[in-house]
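Colleague: Residue numbers (the numbering used here), protein chains in the order written: chain G, 471 to 811; chain W, 471 to 811.
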């Protein structure tokens, strides 16, 4: 897992280079089709990448996005009206049967379908109109890392292709941002010792960083067996904050941008409750208000943050698992391809 | 909270009687508007009711549903294309500022907007085209119960109004089903003693019962301060199942219907892992395979189950809070109206 985390800057650069031209053709084609809805279909880490895609696509393109409930299609057998929809399936292996079944049904119903996968030879490739590849090389760890950030990157490229105007980010800076994030490894190696006996926690992020909260929580569940909840800072205040007692661990993503004031106000509230807070941020005020902080480079801006900010989270989970004497590459009860319908 | 839980059969009957005619007029009107997307906007328990509404509406009407990310509208200021959308806001108090702002923006952008609330005099009523009321009477407990099931009921009525054909349920049976569910109270009062020292757990449901898992988890977090995760049985197998060790508590909703085989196969897996499982079901096989069971009446069928099946969950949370020496009506750190943007 640590090795695959470290491969991310190179994998991201390969994906930009290999897929950009295809995406730009796809964008021109889709603009003529008058897409009025985007449906994203995925499970596990891929579903967290889709959650990021949801925010990015709605903010950038103005097209409403729905995160699909696969069982509506596969078990309740509903036929949704998707004639003007773009349906995007996301699966590392390309072998998620439920995801592929939703894609096949949507295509048969007139939707344009795209598959995002790391496996150019997979069942998904055969059921979609177009395939977008993460160029991560084989992912051996059960806990997805490089394919997760590769999927996020393809959502950036898709949003660029669908947006009418120049978007507020440049994908070309993201591999460098990811490389900068990897420099946190020695600091995180020290930090995790303090969390060796943590049994549960809450992870908070909002907006473009909301998916990071989901993904770090999933990594902590999968590799460290920590009962990790995930919330947006707004939803957290609608009930779950009642769980927080003195020293309750809360991990927060606080990248720069329009969400930062809200997250900082939650940090203030957590301080009053004497929670044990760990923040991933470049904001020194936010860092000073928390028990612990992972300080990110200042130059990573709002729209560039989602990929580099998950990297310290991946490192935290992998190193905490090792510190707990667990093997993050082979979590108990899991295999690389999960078959569900 | 216990008193408000007990009021549900009467409140549900009042809501059917008071709102059905309005819904049927609304349905006729909306069929002429050619709605191609339904967007649901809510937070907290209301968002869990919306999650139920999502499954019911997609299965029944074939119209795609998107659960809104309010911050896309309120903080990122995106203008989504919602001209042919029905946008439904759900808020017990009708005072959720972010929900109301999304409704106002959507209406200004050409969407038809509906508000579901318990407060006929509230800010929400003034920003929407049509209001649907839960006739619960004032809800005093911070933990929502009767307004939650009232919101679910309005989604049944809305689905009936939008569907082309006769739906596979009859709302008129639901208040009776709810009354039958209340008969579980003495059994649950005994059961909760066993869970007094439970600190974390996972709640599982799928399809039409998925929202029940979210709602029971939220109730456990709010009133019992238990770190309660919530998953569909499919998502649970995509990673989080790694957390399950011997005696790890898992609560499952296993109502009759097409999802039951999948939930039973998860129960088998949990048994191998020696998890401590509690199932809410009318299936005696499922009950026999779990450590503990709450046995529901056989006559509660697949589409009638979602409301009566959450009631033992509400009772479990309220009675467990009391057994832990907590006040379920006044959870720490919470107030009845949460203000977030």
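The beta carbon of each residue, even a glycine, is placed where N, CA and C say it ideally should be.
In terms of residue numbering, what span does the alpha helix (DSSP H) encompassing residue 680(G) cover?
Modeller: Looking at the DSSP string, the run of the alpha helix (DSSP H) that includes residue 680(G) is 680 to 694.
Colleague: Check the Cβ of residue 534(G) against every Cβ in chain W and list those closer than 8 Å, keeping chain order.
Modeller: Neighbours of residue 534(G) on chain W, chain order: 507, 509, 536, 550, 551, 552 and 555.
Colleague: Taking buried to mean at least 16 other C-beta atoms within 10 Å of its own C-beta, is residue 801(W) buried or exposed?
Modeller: Buried is the call here.
Colleague: Would you report the Cα separation of residue 727(W) and residue 738(W), rounded to the nearest angstrom?
Modeller: Near 18 Å, if we compare the C-alpha coordinates of residue 738(W) and residue 727(W).
Colleague: Closest to residue 652(G) by CA distance: which of 718(G), 756(G) and 777(G) is it?
Modeller: The residue with the shortest Cα to Cα distance from residue 652(G) is 777(G).
Colleague: Give the residues of chain G in contact with residue 720(W), contact being defined as C-beta atoms less than 8 Å apart.
Modeller: The premise fails here: residue 720(W) is roughly 12 Å from chain G at the closest Cβ pair, so nothing lies under 8 Å.
Colleague: Quick check: the stretch 718 to 735 of chain G against the stretch 709 to 729 of chain W, are there 3 or more CB pairs under 8 Å?
Modeller: Judged by Cβ distances under 8 Å, the stretch 718 to 735 of chain G makes no contact with the stretch 709 to 729 of chain W, as fewer than three pairs qualify.
Colleague: Give me, in chain order, the residues of the same chain whose beta-carbon lies closer than 6 Å to that of residue 813(W); leave out the 5 immediate sequence neighbours on both sides.
Modeller: Beyond the ends of chain W as shown, which are 471 and 811, falls residue 813(W); an answer cannot be given.
Colleague: Excluding the 5 residues preceding and the 5 following residue 639(G) in the sequence, name in chain order all residues of the same chain whose CB lies nearer than 6 Å to its CB.
Modeller: Taken in chain order, the residues that qualify are 773 and 774.
Colleague: Please confirm whether residue 609(W) has its beta-carbon closer than 7 Å to some beta-carbon of chain G.
Modeller: No, because no Cβ of chain G sits closer than 7 Å to the Cβ of residue 609(W).
Colleague: With 7 Å as the threshold, decide whether the Cβ of residue 474(G) is near any Cβ in chain W.
Modeller: No, because no Cβ of chain W sits closer than 7 Å to the Cβ of residue 474(G).
Colleague: When we look at the beta-carbon of residue 513(G) and count the other beta-carbons within 10 Å, is it buried (16 or more) or exposed?
Modeller: Classification of residue 513(G): buried, given that the 10 Å Cβ count is 16 or more.
Colleague: Within 10 angstroms of the Cβ of residue 454(W), are there 16 or more other Cβ atoms? Answer buried if so, exposed if not.
Modeller: Since the first and last residues shown for chain W are 471 and 811, residue 454(W) lies out of range.
Colleague: Please list the partners that residue 525(G) has in chain W, where partner means a Cβ-to-Cβ separation under 7 Å.
Modeller: Here the neighbours are 539 and 542.
Colleague: Going by alpha carbons, who is nearest to residue 677(W) out of 747(W), 722(W), 717(W) and 667(W)?
Modeller: Ranking the options by Cα distance to residue 677(W), first place goes to 722(W).
Colleague: Please confirm whether residue 803(G) has its beta-carbon closer than 7 Å to some beta-carbon of chain W.
Modeller: Yes, because at least one Cβ of chain W sits closer than 7 Å to the Cβ of residue 803(G).
Colleague: Using a C-beta cutoff of 7 Å, does residue 713(G) count as contacting chain W?
Modeller: It does: the Cβ of residue 713(G) has a partner Cβ on chain W nearer than 7 Å.
Colleague: Using the Cβ count rule (16 or more neighbours within 10 Å means buried), how would you classify residue 689(W)?
Modeller: Buried is the call here.
Colleague: Consult DSSP for residue 546(G) and reduce its assignment to one of helix, strand or coil.
Modeller: Looking at residue 546(G) - three-state DSSP - the assignment turns out to be coil, as it is neither helix nor strand.
Colleague: So, does the CB of residue 413(W) fall closer than 7 Å to a CB anywhere in chain G?
Modeller: No answer is possible for residue 413(W): it lies beyond the span of chain W, which begins at 471 and ends at 811.
Colleague: Where does residue 588(G) sit, in a helix, a strand or coil, going by DSSP?
Modeller: Looking at residue 588(G) - three-state DSSP - the assignment turns out to be coil, as it is neither helix nor strand.
Colleague: Assign residue 524(G) to one of two classes, buried (16 or more other C-beta atoms within 10 Å of its C-beta) or exposed (fewer than that).
Modeller: With 16 or more other Cβ atoms within 10 Å, it is buried.
Colleague: Cα-Cα, which of 806(G), 710(G), 659(G) and 703(G) is closest to residue 792(G)?
Modeller: The shortest C-alpha separation from residue 792(G) is found at 659(G).
Colleague: Report the three-state DSSP secondary structure of residue 526(G) (helix, strand or coil).
Modeller: In this structure, residue 526(G) counts as helix in the three-state DSSP scheme.
Colleague: Please return the same chain residues whose Cβ sits closer than 8 Å to the Cβ of residue 752(W), not counting the five positions on each side in sequence.
Modeller: For residue 752(W), where only same-chain residues beyond five positions count, the Cβ hits under 8 Å are 725, 726, 765, 766, 767, 768 and 770.
Colleague: Among 575(G), 551(G), 596(G) and 637(G), which residue has its Cα nearest to the Cα of residue 585(G)?
Modeller: Checking every option, the nearest Cα to that of residue 585(G) belongs to 596(G).
Colleague: So, at 6 Å on beta carbons, what are the nonlocal neighbours of residue 606(G) in its own chain, with the 5 sequence-adjacent residues on each side left out?
Modeller: Only 481, 588, 616, 617 and 620 meet the Cβ criterion.
Colleague: Name, in chain order, the residues that DSSP records as bridge partners for residue 582(G).
Modeller: Answer is 556(G).
Colleague: Apply the 10 Å Cβ neighbour rule to residue 797(W) and answer buried if 16 or more other Cβ atoms are within range, or exposed otherwise.
Modeller: It counts as exposed.
Colleague: Count the CB pairs spanning the stretch 513 to 522 of chain G and the stretch 549 to 563 of chain G that are closer than 8 Å, and state whether there are at least three.
Modeller: Yes, the stretch 513 to 522 of chain G touches the stretch 549 to 563 of chain G.
Colleague: Report the residue from 719(G), 483(G) and 656(G) whose alpha carbon sits nearest the alpha carbon of residue 745(G).
Modeller: Answer by Cα proximity: 719(G).
Colleague: Taking residue 803(G) and residue 714(W) to be in contact with their CB atoms under 8 Å, please state how far apart those CB atoms are, rounded to whole angstroms.
Modeller: Rounded, the Cβ-Cβ distance is 7 Å, consistent with contact.
Colleague: Taking the alpha-carbon positions, what's the residue 627(W) to residue 741(G) distance?
Modeller: Taking the straight line joining both Cα atoms gives about 44 Å.
Colleague: Which stretch, first to last residue, makes up the beta strand (DSSP E) that contains residue 751(W)?
Modeller: Here the beta strand (DSSP E) through residue 751(W) covers 746 to 751.
Colleague: Along the stretch 674 to 694 of chain G, where does the CB come closer than 7 Å to a CB of chain W? Name the residues.
Modeller: Within the stretch 674 to 694 of chain G, the qualifying residues are 676, 677, 688, 691 and 692.
Colleague: What are the residues that DSSP puts in a beta bridge with residue 700(G)?
Modeller: Paired residues: 673(G).
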